[in-house]
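So the sequences go chain by chain: A and B. Letter by letter, the first sequence follows residues 54 to 229 of my numbering. Letter by letter, the second sequence follows residues 80 to 560 of my numbering. Written below as structure tokens is the structure these notes are about.
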Amino acid sequence: MRRFVLGEFSQPDACVQAARKLREGGVAGLDAYSPYPLHGIDDALALPRSKVPIVALTGGVLGALGGYTLQWWMNAVDFPINVGNRPQHGFWTNIPITFESGVLIAVLSIFFSSIFVFFGLPRTYHPVFESERFRTASLDAFWISAETADENAVPELEQKFREAGARKVHTVAESV
Amino acid sequence: MSETAIDARAALRPLPLVEGAQDDGTLNKTLNAYVWQPPQRGWLALVLIGLAGTGMLFAAITITIAKGIGMWGNNIPVAWAFGIINFVWWIGIGHAGTLISAILLLFQQKWRTSINRFAEAMTLFAVLQAALYPVLHTGRPWFAIYWLFPYPSTNAIWPQFKSPLMWDVFAVSTYFITSLLFWYLGLIPDLASLRDSSTSRRARVTYGIFALGWRGSARHWHHYKIAYLLLAGLATPLVLSVHTIVSWDFALSILPGWHTTIFPPYFVAGAVFSGFAMVLTLMIPARRFMGLKHVITPRHLESMAKVMLCTGLIVDYGYLMEHFIAWYSGNVYEQYVFFVTRPKGPYAWAYYLQLLCNVVVPQMYWLKWARRNIWTLWIGAVLINVGMWFERFNIIVTSLHQDFIPSNWAMYYPTWVDLSLLGGTICFFGLLFLLFLKFLPAVAVSEVKELNHELHEGAAGVSLHTPAAPLHAGELEATEP
Chain A
54 MRRFVLGEFS QPDACVQAAR KLREGGVAGL DAYSPYPLHG IDDALALPRS KVPIVALTGG
114 VLGALGGYTL QWWMNAVDFP INVGNRPQHG FWTNIPITFE SGVLIAVLSI FFSSIFVFFG
174 LPRTYHPVFE SERFRTASLD AFWISAETAD ENAVPELEQK FREAGARKVH TVAESV
Chain B
80 MSETAIDARA ALRPLPLVEG AQDDGTLNKT LNAYVWQPPQ RGWLALVLIG LAGTGMLFAA
140 ITITIAKGIG MWGNNIPVAW AFGIINFVWW IGIGHAGTLI SAILLLFQQK WRTSINRFAE
200 AMTLFAVLQA ALYPVLHTGR PWFAIYWLFP YPSTNAIWPQ FKSPLMWDVF AVSTYFITSL
260 LFWYLGLIPD LASLRDSSTS RRARVTYGIF ALGWRGSARH WHHYKIAYLL LAGLATPLVL
320 SVHTIVSWDF ALSILPGWHT TIFPPYFVAG AVFSGFAMVL TLMIPARRFM GLKHVITPRH
380 LESMAKVMLC TGLIVDYGYL MEHFIAWYSG NVYEQYVFFV TRPKGPYAWA YYLQLLCNVV
440 VPQMYWLKWA RRNIWTLWIG AVLINVGMWF ERFNIIVTSL HQDFIPSNWA MYYPTWVDLS
500 LLGGTICFFG LLFLLFLKFL PAVAVSEVKE LNHELHEGAA GVSLHTPAAP LHAGELEATE
560 P
């Protein structure tokens, strides 16, 4: 059964400093929760670079190529129509839709990869919500959690959280 | 001298972005208060008017579909009339939302923060209204999907991609999807805060479903910030492309009055101009009735007036250039449209109304008092909305009704179905907007909290952020009606 040691902080800066101190003190499985993005938390938790830009670029390039190919194949290959003897394959007239489809696929890939892959949402349950007080994480308080599978490690972790300056510390267990 | 140096410096300081001593707790309470309040009488009355108008809209749509496009006043030569005027007007209004949410984000304009959610919702609802018109204008809307999208139907024929009308289909649908996803991504943290401050189970479950289980994790914010910025970066060229392509619907034809290279920039500026006017028209009453004056301050209103003045001047330059190029081209048809049909023809009153509303009225925003007075702002914004509608009327109807051969000329008069569609979409737009104000956070709460925190940190390097007593679940209940 997974356990989460939770510490609540009233100030964003205190939360970031505590996260750094805990990580440097060798605590694993750390995460922080806040109503808005915390300045410096990425560095404090040593998060790796986000892969969202790579997904966006891939989506955009594939979308643009797909959009161009679609127009070329439909208007110049599958069913060419002669309108005023203009070229069947009009490079310049294909550009607007190529741009639009590039943007469309880039936007769709950013949004859906963020929600489903990077955030791992939607989910109906997460152990941190076992704490009724955790509601403040989206309102006006800042939280740090450490995940552990070992029940005996909890008291030591709680002590470390208190030393890092958490104003309230408690532990929740995943209900299975 | 009575004025000290300190007083003089204080007069130069910009107006505040957030008024009063606010912290995360007070922002939560005040920004979401409208959602938790029981509905006000004025809100209910407006919803009823909106519902009635929406009923009228659907009646007019039913008549158009059942009896055909002949129920509209369109004729030959004026084949594009209210359908396209209203389409361009609504889509233009939508552009302010993307400008505020995306372009001002990239330019790091902090005053966008408390108005972006509001303006993005306006974009979505305006694009919905806009999309109705071309679909109805096809005459057989049930076929529109085969005609407009590359759908492999049994006709075995594909859309003609060399037409700006096809580009328009792709531009507008991409624009709608992008605006919707951008808006929703911004809403997720605020839906989570509504979920967490709710006291009834029903509200908690409903907002919980739409919040998707968001828990504000740093590992999520890490990707969220980049995703949001990238969406803004993509929305910026997109919004420019959308109205550019709308203008090509006209400029790529050879009709005098349409065939002009100034059209793309002039249309984009006009779109932003009318969009800001609509944001002000809606925001001035909303900030008063929803108790949002502390986050939508005179600073925001003044900045919007400045954007209106600037884009208004670009539009005026467009008018000037159209007339200059018509004269300079030596083309008699061009000259006839700009120097006879518009200023002296049967629709001259619409031309002068356009000039009054779009050229004369915005000039008052050179004066500080006009930018800071609620009434000059609101009345000016309404007049600009009217002026921009008549601009599209003049571009479309006056150019078409007297084209090349006088034997081809005809007048255009809207029918009651045309007028019901216009009035109906305004009511439907208003209805969607009222529902949005009541059920969703109209101000981006998490972004305002972040801004408030930044502003306090920035003040002389001292953290003025007073430690707020945490909101316990019990206290939340006590503060709610």
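All residues carry an ideal CB built from backbone N, CA and C; glycine is no exception. Note that the structure is predicted; figures quoted are calculated from it, not measured.
| Check | Outcome |
| --- | --- |
| Contact belief for B:P441 with B:M400 at Cβ below 8 Å, rounded distance in angstroms | Not a contact, Cβ separation roughly 18 Å. |
| CB of A:V105 within 9 Å of CB of A:I163, strictly | yes |
| Cβ contact (3+ pairs, closer than 8 Å) linking the segment 153-171 of chain B and the segment 200-217 of chain B | yes |
| Start and end residues, beta strand (DSSP E) containing B:I142 | No beta strand (DSSP E) contains B:I142, which is instead part of the alpha helix (DSSP H) from R120 to K146. |
| N-terminal and C-terminal residue of the alpha helix (DSSP H) that B:D275 is part of | P243 to S276 |
| Whole runs of the alpha helix (DSSP H) within the segment 435-486 of chain B, excluding any shorter than 4 residues | 447-451 and 453-472 |
| B:T177, DSSP secondary structure in three states | helix |
| CB contact check: B:A539 to chain A, cutoff 9 Å | Its pLDDT being 36, under 50, B:A539 is placed unreliably by the model, and the measurement read from it follows with that caveat. For B:A539, the answer is no, since every Cβ of chain A falls outside 9 Å of its Cβ. |
| Rounded straight-line distance, which links the Cα of A:S87 to that of B:S296 | 7 Å |
| Residues that B:T514 bridges to, as DSSP identifies them | One detail in the question is off: residue 514 of chain B reads as Leu in this sequence, not Thr. DSSP output for B:L514 lists no bridge partner at all. |
| Residues within the segment 213-239 of chain B neighbouring chain A, beta-carbon criterion of under 9 Å | P229, A235, I236, W237, P238 and Q239 |
| Length of the line joining the Cα atoms of A:P140 and B:F240 | 12 Å |
| Where A:S87 meets chain B, residues with beta-carbon distance less than 8 Å | G295, A297 and W300 |
| Cβ-heavy atom distance, A:L100 to the ligand FAD, below 8 Å | The ligand FAD is absent from the structure shown, which contains no ligand whatsoever. |
| Beta-bridge pairing of A:F57 - partner residues as DSSP gives them | A:E200 and A:V225 |
| Assigned exposure category for A:K213 - 16 Cβ within 10 Å defines buried | buried |
| Residues bridged to A:D84 [DSSP beta-bridge criterion] | A:S198 |
| For B:H373 and B:G99, believed in contact at Cβ under 8 Å, the rounded distance | 5 Å |
| A:I94 versus A:E209: straight-line alpha-carbon distance, rounded | 23 Å |
| Closer than 9 Å to chain B by CB, A:M54 | no |
| In chain order, each alpha helix (DSSP H) run of at least 4 residues that lies wholly inside the segment 104-158 of chain A | 105-125 |
| Members of the segment 247-259 of chain B near chain A, C-beta cut-off 7 Å | F249, A250, T253, I256 and T257 |
| B:D328: contacting residues in chain A (beta-carbon distance under 9 Å) | Chain A residues near B:D328: none, gap ~12 Å exceeds 9 Å. |
| Partners in chain A for B:S272, counting only beta-carbon separations shorter than 8 Å | P88, S191 and L192 |
| Sub-9 Å separation of B:M467 and B:N487 beta-carbons | no |
| B:A250 vs B:S353 beta-carbon contact at 9 Å | no |
| Burial state of B:A539, where buried means 16 or more other Cβ atoms lie within 10 Å | Any reading at B:A539 must be qualified, since the residue scores a pLDDT of 36, below 50, and its modelled position is unreliable; no value is offered. |
| Contact check, B:T420 vs B:S478, beta carbons under 9 Å | yes |
| Check whether B:V447 and B:D103 have beta carbons under 9 Å apart | One point to set straight first is that residue 447 of chain B is Lys, not Val, in the sequence displayed. The answer is no: Cβ separation not under 9 Å. |
| Residues sharing a beta bridge with B:S296, DSSP | A:Y86 |
| Any alpha helix (DSSP H) of 4 or more consecutive residues that is wholly inside the segment 336-399 of chain B | 342-368 |
| Beta-ladder partner(s) of A:F62, from DSSP | A:F195 |
| CA nearest to the CA of B:A306, picked from A:S166, A:A199, A:F57 and A:R186 | A:S166 |
| B:M207: first and last residue of the uninterrupted alpha helix (DSSP H) it sits in | Correcting the residue type first, residue 207 of chain B is Leu in the shown sequence and not Met. Segment N195 to H216, the alpha helix (DSSP H) holding B:L207. |
| Distance CB(B:A523)-CB(B:S279) smaller than 9 Å | no |
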